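Novice: Below: one structure in structure tokens.
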Amino acid sequence: MTGATREHPVTADPADLVRAAQRGDRMAASELLDLLTPYVGRLCGPIALQDGPDATQEALIVIFRGIGRLREPAALFGWVRVIAVREAVRVARLAARSVPDPLDEVPARDDPELAADVRDVLARLSPAHRAVLVLRDLEGLDEHAVSALLGVPEPTVRTRLFRARRNFRKAWGR
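Under my numbering, think of the first position of the sequence shown as 1284, with each following residue one higher.
Okay, structure coming up:
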């Protein structure tokens, strides 16, 4: 069997990998890292922007240091999501070394480098607004779930989401 052991094949259930990693199985921990890294990166990137790789690394460190405390292995992805978003917001706030450019200086909608434009507009939003946008509009979570993940009341989530979308549209509409 190449790349697998009798205890857990490469396509093992994530909950089984968690249990094995909690018992000290390094192969399971490695497989878990391979499974979680892209997911954590997709969450951290749009929130922490250029510091996304740092946020991803910080989140993975927190995840693997705390894996032994995860009581319900089946809840792995929800638990990981909470940690990844929290770390991405933390890293983005620490990295805010300069004031973002004013929103009215964003490139026009028909700019050929659309992805760069979107990233530029996102960079002008606060980490809290980016987090709400990512969780609500990319991850598809409802306001209650976003509220629980970010540790803020639901009305705060609605306000941040309204402001983030308004600012994004304003910048994008130029």
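For every residue, glycine included, the Cβ atom is placed at its ideal position computed from N, Cα and C.
Predicted model only: the values in this text are computed from it and were never measured.
If you drop the 5 nearest sequence neighbours on each side, which residues of the same chain put their C-beta closer than 6 Å to that of T1339?
Specialist: Only V1323, G1324 and C1327 meet the Cβ criterion.
Novice: Could you say which of G1434, R1441, P1436 and E1370 lies nearest to D1420 if we only look at CA atoms?
Specialist: Of G1434, R1441, P1436 and E1370, the residue nearest in Cα terms is R1441.
Novice: With distances taken between CB atoms, is the gap from V1363 to I1346 smaller than 7 Å?
Specialist: Cβ distance < 7 Å, so V1363 and I1346 count as in contact.
Novice: Is it the case that the Cβ atoms of E1426 and E1437 are separated by a distance below 7 Å?
Specialist: Contact flag set, yes.
Novice: Would you please state the rounded distance, in angstroms, between the beta carbons of R1499 and L1332? I believe it to be under 8 Å.
Specialist: This structure gives no information on residue 1499, because the portion of the chain shown stretches from 1284 to 1457.
Novice: R1413 and L1405: beta carbons closer than 7 Å?
Specialist: Contact: yes.
Novice: Give a yes or no on whether the C-beta atoms belonging to V1365 and P1410 are separated by under 7 Å.
Specialist: Going by C-beta atoms, V1365 is not nearer than 7 Å to P1410.
Novice: Could you have a look at L1353 and say whether DSSP puts it in helix, strand or coil?
Specialist: If DSSP states are grouped into helix, strand and coil, L1353 belongs with coil.
Novice: Where T1439 and A1367 are concerned, what is the direct C-alpha to C-alpha distance, given to the nearest angstrom?
Specialist: Roughly 20 Å between the two C-alpha positions.
Novice: Going by DSSP in three states, E1422 sits in which element: helix, strand or coil?
Specialist: In the structure shown, E1422 sits in coil (DSSP, three-state: anything other than H, G, I, E or B).
Novice: Is it true that the CB of P1336 sits closer than 7 Å to the CB of R1302?
Specialist: No, these two residues do not count as a Cβ contact at 7 Å.
Novice: Among the residues of its own chain, which have a CB less than 8 Å from the CB of L1318, if the five just before and after it don't count?
Specialist: Here the set comprises P1297 and L1300.
Novice: So, helix, strand or coil for D1308, using DSSP?
Specialist: D1308: coil per DSSP, three-state reduction.
Novice: Alpha carbon to alpha carbon, how far is V1417 from L1359?
Specialist: Whole-angstrom Cα-Cα distance: 19 Å.
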